[in-house]
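Okay, so here's the structure we're looking at.
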Amino acid sequence: MSKLYKNRSIIMVAVAAIIIIVIIAVTSLDRTQVSGPENLVGVIIKPITGAVTSVVNTIRNSITGLAEIGSLKETNQMLNQQIITLRAQIREMEALIQENERLREMLDFKDTHSEFDLIGCSVIGKSPDNTSSVFTINKGSENGIIRNMPVVTSKGLVGQIIEAGSGWAKVMPLNDQRSSVSILVNRTRDTGILKGGISFEITGFVSPEAAIVEGDDIVTSRMGGIYPKGLYVGKITGISTGDRQLLKSIKVEPAVDFDKLEEVFVLKHVEELPSRGETMN
Numbered sequence: 004m005s006k007l008y009k010n011r012s013i014i015m016v017a018v019a020a021i022i023i024i025v026i027i028a029v030t031s032l033d034r035t036q037v038s039g040p041e042n043l044v045g046v047i048i049k050p051i052t053g054a055v056t057s058v059v060n061t062i063r064n065s066i067t068g069l070a071e072i073g074s075l076k077e078t079n080q081m082l083n084q085q086i087i088t089l090r091a092q093i094r095e096m097e098a099l100i101q102e103n104e105r106l107r108e109m110l111d112f113k114d115t116h117s118e119f120d121l122i123g124c125s126v127i128g129k130s131p132d133n134t135s136s137v138f139t140i141n142k143g144s145e146n147g148i149i150r151n152m153p154v155v156t157s158k159g160l161v162g163q164i165i166e167a168g169s170g171w172a173k174v175m176p177l178n179d180q181r182s183s184v185s186i187l188v189n190r191t192r193d194t195g196i197l198k199g200g201i202s203f204e205i206t207g208f209v210s211p212e213a214a215i216v217e218g219d220d221i222v223t224s225r226m227g228g229i230y231p232k233g234l235y236v237g238k239i240t241g242i243s244t245g246d247r248q249l250l251k252s253i254k255v256e257p258a259v260d261f262d263k264l265e266e267v268f269v270l271k272h273v274e275e276l277p278s279r280g281e282t283m284n
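Letter by letter, the sequence shown follows residues 4 to 284 in our numbering.
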C-alpha cells in the first residue's frame, strides 16, 4: 500500500512540475528576461525536472529491458525445442543403425549357411504371463511353419515353435520353464540336458565324470528329435556336484539375449551341422 502512495506522490510532483514549466513558458513569451518570482520557481523546479527526467528514462530503459528479456525467453524456448527435436532424431538414427546391424548379421548368416532353409521373422508380441517367456512372430502356417520347428538368430539357438496359425506363430525360448533341450559339451563331447526355469535361468545336468570347465561351449546334440546337431546354445558359467555325485549341475549363459529379440529365423529344414557352435557365430 505504501508503494502505491509513494508512486502516486511522484506522479503528482511530476504533474505539478510540468504545469509550472508550461506556465513559465507561456508567460515568458516575447520577454527577454524573467521576473524574480519566476526565476525562483525555476530554481526550485530544476531538481524536480531532473528527477522527472530521470524517472522517465528509468521507465524507458526498464521497458526496453523487459522487451529484451521477453525476446531472450522466446529464443531460449526455441533453442530448447530444437534440442528436444535433435535428441529425438539422434535416438531414431541410433535405432536405425542398430536395426541395420542386426539385419546385416542376419543376411550374412543366411548367405553363409546354405545348410539351413530359413524363414526370416519379426517378433510382434510377448506373453503377458510373468511365468512364461513365450513370444509371437509375424509368420505362420502359410509360410510352412509348423510345431516343433527350431528358431535361431545369427547368435545361436532361441527355442522352438509351439503353435502356428495364419500370419503368426508362437515361440517357446530356451529359458522358458517348460523348455528342454539335449546338449553336447563341444570340447569334451559329453552329453546332457538343459532346462529353463521359473526365474528364466538356463540350467542342466551332465555326467559326473564329465571333465567340463567354466567357459566350455554348449551345442545341441540332436537327441530328442527337435533340434539338429550343432546349433550353438551358449557357455557354461557355473558347475556344481551333488552330495551323491550322480550328476553334475551346470548353469549356462545363452548366446541369445531373449529380452532383446526383434528378428529371428525359423529352420524349416536343416542338415546335421559340423561339431562346433561356429556355425552360429
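We treat Cβ as the ideally placed atom computed from N, Cα and C, and that holds for glycine.
Going by DSSP, what residue range makes up the beta strand (DSSP E) through residue i?
| i | result |
| --- | --- |
| L121 | F119 to K129 |
| L197 | T194 to K198 |
| T240 | Y235 to T244 |
| T206 | I205 to V209 |
| A214 | Note, A214: premise wrong, no beta strand (DSSP E); not H, not E. |
| M175 | W171 to P176 |
| S185 | S183 to V188 |
For residue i, which three-state DSSP category applies?
| i | result |
| --- | --- |
| D220 | strand |
| A91 | helix |
| I72 | helix |
| I253 | strand |
| A258 | coil |
| E265 | coil |
| E108 | helix |
| S144 | helix |
| I86 | helix |
| I100 | helix |
| D114 | helix |
| T61 | helix |
| L7 | Unreliable positioning characterises L7 in this predicted model, as indicated by a pLDDT of 47, which lies under 50. The coordinate reading is nonetheless provided below. Reduced to three states, the DSSP call for L7 is helix. |
| K158 | coil |
| G227 | coil |
| L32 | Caution is warranted here: a pLDDT of 49 is assigned to L32, below 50, making its placement in the model unreliable, and no coordinate value can be reported. |
| T191 | coil |
Looking only at DSSP bridge pairs, what is residue i linked to?
| i | result |
| --- | --- |
| P153 | Q163 |
| S136 | Its beta-bridge partners do not exist; DSSP assigns none. |
| M81 | In DSSP, M81 forms no bridge with anything. |
| L270 | L121 |
| G168 | W171 |
For the ligand MG, is there a heavy atom less than 8 Å away from the beta-carbon of residue i?
| i | result |
| --- | --- |
| K142 | Questions concerning the ligand MG fall outside what the structure shown contains, since it holds no ligand whatsoever. |
Would you say residue i reaches chain B, if we count a Cβ-Cβ gap shorter than 9 Å as a contact?
| i | result |
| --- | --- |
| A214 | Among the chains of the structure shown, chain B does not appear; only one protein chain is present. |
The stretch 201-218 in contact with the stretch 248-259 per 3-pair CB rule at 8 Å: Between the stretch 201-218 and the stretch 248-259, the count of C-beta pairs closer than 8 Å reaches three or more; the two stretches touch.
Okay, do the stretch 223-239 and the stretch 73-90 touch, 3+ Cβ pairs below 8 Å being the bar? no
contact_flag[the stretch 136-148, the stretch 170-177] where n(CB pairs < 8 Å) is 3 or more: yes
Evaluate the contact criterion for the stretch 145-154 versus the stretch 193-203: three or more CB pairs, one atom per stretch, below 8 Å. The stretch 145-154 is not in contact with the stretch 193-203.
So, does the stretch 122-136 touch the stretch 218-235, judging by three or more C-beta pairs under 8 Å? Contact between the stretch 122-136 and the stretch 218-235 is absent, because fewer than three Cβ pairs lie under 8 Å.
Do three or more CB pairs link the stretch 257-267 to the stretch 150-169 at distances below 8 Å? yes
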